[in-house]
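Participant:
Numbering (our numbering), first residue to last: 2 to 682.
#1: Look at the Cβ atom of residue 298, then the Cβ atom of residue 226, and state whether they are nearer than 8 Å.
#2: Is residue 464 near residue 407, with beta carbons less than 8 Å apart?
#3: From the DSSP output, in three-state form, read off residue 373 for me.
#4: Could you tell me which whole beta strand (DSSP E) segments of length 3 or greater appear in the segment 155–203?
#5: Could you check whether the segment 523–530 touches the segment 285–304, counting it as contact only if at least three pairs of C-beta atoms, one from each stretch, sit closer than 8 Å?
#6: Determine whether the beta carbon atoms of residue 317 and residue 559 lie at a separation below 8 Å.
#7: Would you call residue 504 buried or exposed, if buried means 16 or more other Cβ atoms sit within 10 Å of its Cβ?
#8: How do the segment 122–133 and the segment 90–108 stand: do at least 3 beta-carbon pairs fall below 8 Å, yes or no?
#9: Is residue 298 helix, strand or coil by DSSP?
#10: So, at 7 Å on beta carbons, what are the nonlocal neighbours of residue 482 in its own chain, with the 5 sequence-adjacent residues on each side left out?
#11: State buried or exposed for residue 207, treating a residue as buried only when at least 16 other CB atoms are found within 10 Å of its CB.
#12: Is there contact here, the segment 176–196 with the segment 260–274, by at least three beta-carbon pairs under 8 Å?
#13: With a threshold of 16 other CB atoms inside 10 Å of the CB of residue 75, please say whether the residue is buried or exposed.
#14: Could you tell me whether the Cβ atoms of residue 25 and residue 100 are closer together than 8 Å?
#15: Grouping DSSP H, G and I as helix and E and B as strand, with all else coil, what is residue 677?
#16: Could you say which of 245, 401 and 311 lies nearest to residue 301 if we only look at CA atoms?
#17: In three-state DSSP terms, what is residue 398?
#18: For residue 589, count neighbouring C-beta atoms within 10 Å of its own C-beta (all shown protein chains included) and say buried if the count is 16 or more, exposed if not.
#19: Suppose you measure from the CA of residue 416 to the CA of residue 642; what does that come to, to the nearest Å?
#20: Around the Cβ of residue 684, are there at least 16 other Cβ atoms within 10 angstroms (buried) or fewer (exposed)?
#21: At what residues does the alpha helix (DSSP H) containing residue 542 begin and finish?
#22: If you scan the segment 257–316 from start to end, which runs of the alpha helix (DSSP H) of 4 or more residues do you find wholly inside it?
#23: Taking the Cβ atom as the reference point for each residue, do residue 472 and residue 428 lie within a distance shorter than 8 Å?
#24: Using C-beta distances below 8 Å, list every residue in its chain close to residue 638, excluding the 5 sequence neighbours before and after it, in chain order.
#25: Give the secondary structure of residue 669 by DSSP, where H, G and I count as helix, E and B as strand, and everything else as coil.
#26: Please report how far the alpha carbon of residue 178 lies from the alpha carbon of residue 155, in whole angstroms.
#27: Which residues bound the alpha helix (DSSP H) around residue 559?
#28: For residue 455 versus residue 576, is the C-beta distance shorter than 8 Å?
#29: Does residue 358 pass the burial test, meaning 16 or more other C-beta atoms within 10 Å, or should it be called exposed?
#30: Between which two residues does the beta strand (DSSP E) containing residue 477 stretch?
#31: State buried or exposed for residue 1, treating a residue as buried only when at least 16 other CB atoms are found within 10 Å of its CB.
#32: Note the first and the last residue of the continuous beta strand (DSSP E) segment covering residue 608.
#33: How would you label residue 58, buried or exposed, when you count the other beta carbons within 10 angstroms and need 16 or more for buried?
#34: Does the Cβ-Cβ distance between residue 419 and residue 451 come in under 8 Å?
#35: Check this for me: beta carbons of residue 425 and residue 480, under 8 Å apart or not?
#36: Give me whichever residues DSSP pairs with residue 438 in a beta bridge.
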């Protein structure tokens, strides 16, 4: 920024908005003193500390313990540097909530004048003092308690991409580190120039949720330097050569360093990137031996609509963006159910589940008995005593339904708000009628491939894998919507009313215009399902399917549309295990025994469930077939470990194996048509 004295310049104002024990501020002061001494000598260091550092270097902290430690650290540091503060001097380190603009009113807190004064002084820094340098390591907290009016309004900026609201219901913009970045961006924008240097959670670099944030940062800053340190154990990150990748901190969340520079006079945008993988010591050594000047930065040119701050293969993005997003095609879509207590609320055995609910509603049993027996506990949203009483008044024996819990794996569930944390009634009620729904996810980790399924039932939120590990949340879009009724509850007898398709009306009009004839909701549904199972589609657009919901190309060729729809219908019947092709299975269960699942093991086209019994006729590609994060044939058996397989379960497994084998064949068949689809979009 053409400031020759660097941090030692009298024009530099510096702020760490999340000071903690002041490690960053201490280093900044040491650096400023070194720069001053190297240029002007040691003779005036005391005056420099008194007149510049104590006047222009600031920090904020909300927690009392680190605040107290930070002040002690500063006293020791200043004495080491040769300066002892007078009784009326202090480091401008304030006890305050950085993200809250309201100041404490002494009249409302009698006897707390010192805190009120502290809040007032911090408020002046927030609102009036121009800050040139912001640095630090702000807190990461996905569930933020910082929901004040000012920062909430500021975060709204990040919800807009190219001037339009991003329309996401579930997002991570409330994470505290995002709010600290927004505060710091605002401070530098207010000053008209400045430098922001943070080490934070690295999710904002490429997660689609943060696309508005990325665009906003690009609009504010002229230069952006991104150094991705990776180390995300939640996503099981590895180095490109497959070796171990460790975090620079003792945390699971991967991190990155960002330097963002705003010049007084706008300059041509420059956005660059580098990344480090490997063991922690290797990363430390690299960081100790590099600065901005000697890093081999790679140039980025972030583009709409995602504005990625990491390198991406965007070769096919222009064509892909012309396709129609699945959540636009099906306006009614929502996440799956969250029980928050799966082991109590679901079971393969309906009798066992019924006995649990009977105990739950038996008010002769104490709350403590129920808590201990079923490992239940009160939470902010689950009140055992109250909910037991409520459910005992209802005809709960009507509340048992099927839920698609994992790929090809249904369980029984007691579907009531008195037990289920998030039942998602507004969407799932349509799946209680005669219906079919398509499942889709947006993976949050590179190790998860795009996947889709369909069902006639309600769904769990984690069908394709652990969402916290990056599998993404499972969404469902019902094909049909049913009108609201006056029934007392979801399960009482009622007239279903006339259903209507959950498909964007404009799509019907567009297809009618292209085909010169009308198409049915089912034809559209099965066409989409076929396209989403094309290997060619999944490979060509893999980069985008990992970061956003799928988009669907619609051919203008009616015969091609119908042909793919027929293949999609065949797939659907296979995945619902209703296809006539499953009457003759390719897998058998040939050996008699106890049928107990111990440790599933694959060997020579056989899946052994114990030392004596196995399913045969299972090819390697079928055994390895993945949907999301799950290897279907293995996962289905693992979830039944220590269980004795019933006759129905043995039949079902043989059908699943056959279904997957025929799915592979159908995917190859669909690929023969997909290239023609793209030519006729």
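Ideal Cβ placement from N, Cα and C applies to all residues, glycine included. Note that the structure is a prediction, hence the values are computed from the model and not measured.
Facilitator: So, from the listed chains and residues:
#1: yes
#2: yes
#3: helix
#4: Runs of beta strand (DSSP E) with 3 or more residues, each lying fully within the segment 155–203, are found at 195–202, listed in chain order.
#5: no
#6: no
#7: buried
#8: yes
#9: coil
#10: Closer than 7 Å at the Cβ level, and outside the excluded window around residue 482, lie 333, 431, 500, 501 and 503.
#11: buried
#12: yes
#13: buried
#14: no
#15: helix
#16: 311
#17: helix
#18: By the neighbour-count rule (16 or more Cβ atoms within 10 Å), residue 589 is not buried but exposed.
#19: 25 Å
#20: Here the chain has residues from 2 to 682 only, and residue 684 is not among them.
#21: Here residue 542 belongs to no alpha helix (DSSP H), and DSSP marks it neither H nor E.
#22: Counting only runs of 4 or more, we get 281–289.
#23: For residue 472 and residue 428, no; Cβs fall outside 8 Å.
#24: 598, 601, 608, 610 and 654
#25: helix
#26: 14 Å
#27: 559–576
#28: yes
#29: Label assigned to residue 358: buried.
#30: 475–479
#31: In the structure displayed, the chain extends from 2 to 682; residue 1 sits before or after that span and is not available.
#32: 607–609
#33: buried
#34: no
#35: no
#36: Beta-bridge partners of residue 438 (DSSP): 456 and 479.
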